Amino acid sequence: MWGKRTGYEKEGRRITLQYEGGEGWIEIINPWVIHVFAPLHTQEPESRAVEQPNPAFEVCDYRVSEREGQLEISTEKLTARVYDHFYVDIHDASGTPLCLDYRGGRDPFQRRGNVSIAEGEGHEAMRTSGHHKIEVLKAMEGGEKFYGLGDKTGPLNKRGYEYEMWNTDDPSPHVESHKALYKSIPFFITLKERAAYGLFFDNPFKTFFDLGKENSAYYYFGADGGNLDYYFIHGPSVKDVVTRYTALTGRTPLPQLWTLGAHQSRWSYAPESRVLEIAEKFREHDLPLDAIHLDIDYMDGYRVFTWDKERFPDPAALAARLRDMGIRLVTIIDPGVKKDKGYSIYDEGLEKGYYATDKDGVTYVNTVWPGDSVYPDFSDEAVRKWWASNQKIMLDAGVAGVWNDMNEPASFTGPLPDDVRFKNDGRPADHREIHNVYGHLMSKATFDGLLEATGKRPFVITRAAYAGTQKYSTVWTGDNQSFWEHLRMSIPQLASLGLSGFAFSGCDVGGFSHDCTPELLVRWVQVGAFSPLFRNHTAIGTRNQEPWAYDEQTLNAYRQAMKLRYRLLPYLYDLMVEAEKTGLAPLRPLVLEYPQDSNVHEIDDQFLFGSRLLVAPVVEQGKRHRAVYLPDGVWFDDRTGERLEGGRTVLAEAPLDVCPIYVRAGTLLPAYPDRRYVGERKIDELLLYVYPGNGEYAHFEDDGESYAYRDGGYNEFRFAQEEKDGGLGLKFEKVHAGYAEGYSLIRVAVHGVVASSVTLDGQSIEFETEDGNTVFSVPANGGEVRLNA
Ligand code: GLC
3 MWGKRTGYEK EGRRITLQYE GGEGWIEIIN PWVIHVFAPL HTQEPESRAV EQPNPAFEVC
63 DYRVSEREGQ LEISTEKLTA RVYDHFYVDI HDASGTPLCL DYRGGRDPFQ RRGNVSIAEG
123 EGHEAMRTSG HHKIEVLKAM EGGEKFYGLG DKTGPLNKRG YEYEMWNTDD PSPHVESHKA
183 LYKSIPFFIT LKERAAYGLF FDNPFKTFFD LGKENSAYYY FGADGGNLDY YFIHGPSVKD
243 VVTRYTALTG RTPLPQLWTL GAHQSRWSYA PESRVLEIAE KFREHDLPLD AIHLDIDYMD
303 GYRVFTWDKE RFPDPAALAA RLRDMGIRLV TIIDPGVKKD KGYSIYDEGL EKGYYATDKD
363 GVTYVNTVWP GDSVYPDFSD EAVRKWWASN QKIMLDAGVA GVWNDMNEPA SFTGPLPDDV
423 RFKNDGRPAD HREIHNVYGH LMSKATFDGL LEATGKRPFV ITRAAYAGTQ KYSTVWTGDN
483 QSFWEHLRMS IPQLASLGLS GFAFSGCDVG GFSHDCTPEL LVRWVQVGAF SPLFRNHTAI
543 GTRNQEPWAY DEQTLNAYRQ AMKLRYRLLP YLYDLMVEAE KTGLAPLRPL VLEYPQDSNV
603 HEIDDQFLFG SRLLVAPVVE QGKRHRAVYL PDGVWFDDRT GERLEGGRTV LAEAPLDVCP
663 IYVRAGTLLP AYPDRRYVGE RKIDELLLYV YPGNGEYAHF EDDGESYAYR DGGYNEFRFA
723 QEEKDGGLGL KFEKVHAGYA EGYSLIRVAV HGVVASSVTL DGQSIEFETE DGNTVFSVPA
783 NGGEVRLNA
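Residue numbers for the sequence shown, in our numbering: 3 to 791.
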């Protein structure tokens, strides 16, 4: 369509390119990131993901030169060569090609035979994706691996797979042939031999991604509507790509500490006596718990922002009783508003014109839980404000967080037609454009409402999302099933969400549909213990999935995993602090930390928790051992204390109550003493586990709920260790003191070292040796310690 380039203009950060067939532009976001755009739908980008002002947009120098018909646009870090037909080739600063446009057309492999005969038997027919209005083909060199794309099924490396972005509520078992799930995160990372880069196709319409499936000479992304609108993000490391992508689309903000504790849910805990019974059982069985979620049956006939007065006569009193036990209430709020004259929310929205309409302007009705329901138009600022203000109804009833579901949006009587109309903040749009951002905008409204009413860090959990939703909400992976296969898949799913900017995510521990076996529950909790969001949730009608519902062995193993999670909460909290600063998620695939080691590129049954802990869970029934790949370096087997050389595969013993964990030598790992919920008791003494080697660690401490930390209301500690002269030197520093109620002591346990003497700032101090470890205390304000062997 573009033809020959006829001219160009440079203005500010934008280089407009004139072609025979139309106009496009390249925008310099910063030295590593360029934006390629053509106004095929709107004159300017109207991104819901890239908000303004935006920290990724930097003022930076760039040069434009023209030679032999090609236009060369160079920043300090990359060069884009632009040709006729709007071909764009991107090279790094040294001229090495990074990402080149493919010069041929699509040439899919051939499918043979008449598939309709197979459909007759009920098979899903395989068809090649047709042509799209927008198609961007990029050349493949051969060794590329692809990561990201949000919550998609399939392995971690998406090479050879195709996907679609169209938020989909499909309750059939999520398997590899599902091209779309609940979220649309049109961002992926390409890892080549020496460099990684990201591509973010910021187009909210249904989009298509083929990562070398139909032809190994190219990969492509496309759409049938919207603009040509994508960002090239240079690394060169995978970490750099994630950091730069999240600078553009936003980062997961630091959550309240309690939200990192355990959440318990089912469809549905009701009436209130059942909720209290669940809470009491958690305490009786000495199981940590911070939140109980109320699913749809707390409402009056599924009317959002109401309570069933019989089942929940006094929600505020219930919430208060639970709070006394250290447990908060989270309630589900779906977008579908029951069509019901006399129901105040419905009436108010109708009167103000807050609902999506059909093409003739008549309020659009479909069916969800309440029966006939209408859809708030979250693409309209006034509706978002209204929805935000409604959150107060839940907060006044004692609710501490809001769970947004069914916001793809889901519909039971067929999909919403393409021509359903939305106001779209002044430029009316139809369902094709709004569908994928509907949940995103609902989460934003919920976040804004909670923030305004409480002033604290909002806790929102959403099922549907678009790129950038991580700014407003945590996510879960929707309706998985109690299948071993789904436990296995949860690891690449959560790792991919992390690479796609979603640092705070989890899945239904134990599985949503189907009946969970005791062994599956134990193995799932062992993975869940390291998922940023932990929630045990199951569907209506399934067997009980609480930890005590099976037998003693299950209960004990569950408790053990949960206690470990709670001990590691300060580490997880530090990882969330890191996520807010860098966009890197706590749950990481090995490829993020060791991209140069090709052995890890495909590993998706092990993961890293931060950069220091390697988790190798058992994800197969009956297995009591497993192979574990340890990347280069020295690792400690957390169970046996054994010191192991990495760069090889080891065999780990994994009886039912053990999830193999390895700690990198040089780690300084903060921990809390046992608590049944966040804030049960004030922590005066931080525990610090030292795994000898060389290393540093930054630890953060604050009130765990307010925004005071953004004005300096926090403490920051730096811990370091160094092996020297046959002993170990440790340095403790408080580098920022802004939170007065902090720890006074640090209780240090040095792993596998029996010291003969310990000095603090040159003076001998008392120490103990326990199980081959040396244990002593230092003041939280700091000091230098030496352990002599
Ligand atoms: C959807 C949700 C699930 C919830 C159910 C009832 O299926 O994904 O988590 O329990 O609706 O609200």
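No residue lacks a Cβ here, since even glycine has one placed at the ideal position from N, Cα and C.
Nothing here was measured: the structure is a model prediction, and the numbers come from that model.
Which class does residue i belong to by DSSP, given the choice of helix, strand or coil?
i: PHE39; result: strand
i: PRO657; result: coil
i: GLN2; result: This structure does not reach residue 2, given that the chain is present from 3 up to 791, and the question cannot be answered.
i: GLN765; result: strand
i: LYS311; result: coil
i: ALA722; result: strand
i: TYR300; result: helix
i: ARG105; result: coil
i: PRO588; result: coil
i: ASP407; result: coil
i: TRP371; result: coil
i: ILE75; result: strand
i: SER179; result: coil
i: GLY224; result: strand
i: PRO520; result: helix
i: MET3; result: coil
i: TYR247; result: helix
i: HIS295; result: strand
i: VAL780; result: strand
i: TYR711; result: helix
Can residue i be considered in contact with ligand 1, in the sense that its beta carbon sits closer than 6 Å to one or more heavy atoms?
i: TRP405; result: no
i: ASP242; result: no
i: ASP481; result: yes
i: ASP288; result: no
i: TRP269; result: yes
i: ASP153; result: no
i: ILE347; result: no
i: ILE493; result: no
i: ILE335; result: no
i: ILE298; result: yes
If you measure between the beta carbons of residue i and residue j, is that distance less than 7 Å?
i: GLY744; j: ASN717; result: yes
i: VAL332; j: VAL376; result: no
i: GLY668; j: GLY695; result: yes
i: GLY228; j: PHE202; result: no
i: ARG65; j: SER76; result: yes
i: ASN409; j: ALA497; result: no
i: MET167; j: THR209; result: yes
i: PHE414; j: THR448; result: no
Spell out whether any CB of chain C is found under 7 Å from the CB atom of residue i.
i: ILE280; result: The question asks about chain C, but that chain is absent: this structure has only one protein chain.
Applying the criterion that 16 or more other CB atoms from any shown protein chain within 10 Å of the CB defines a buried residue, is residue i buried or exposed?
i: ILE119; result: exposed
i: ARG814; result: Here the chain covers residues 3 to 791 and nothing more, so residue 814 does not appear.
i: LEU610; result: buried
i: VAL177; result: exposed
i: PRO317; result: buried
i: THR44; result: exposed
i: MET128; result: exposed
i: MET3; result: exposed
i: GLY714; result: exposed
i: ILE30; result: buried
i: ASP407; result: buried
i: ARG712; result: exposed
i: HIS701; result: buried
i: GLU595; result: buried
i: ILE542; result: exposed
i: THR359; result: buried
i: ALA95; result: exposed
i: ALA791; result: exposed
i: PRO672; result: buried
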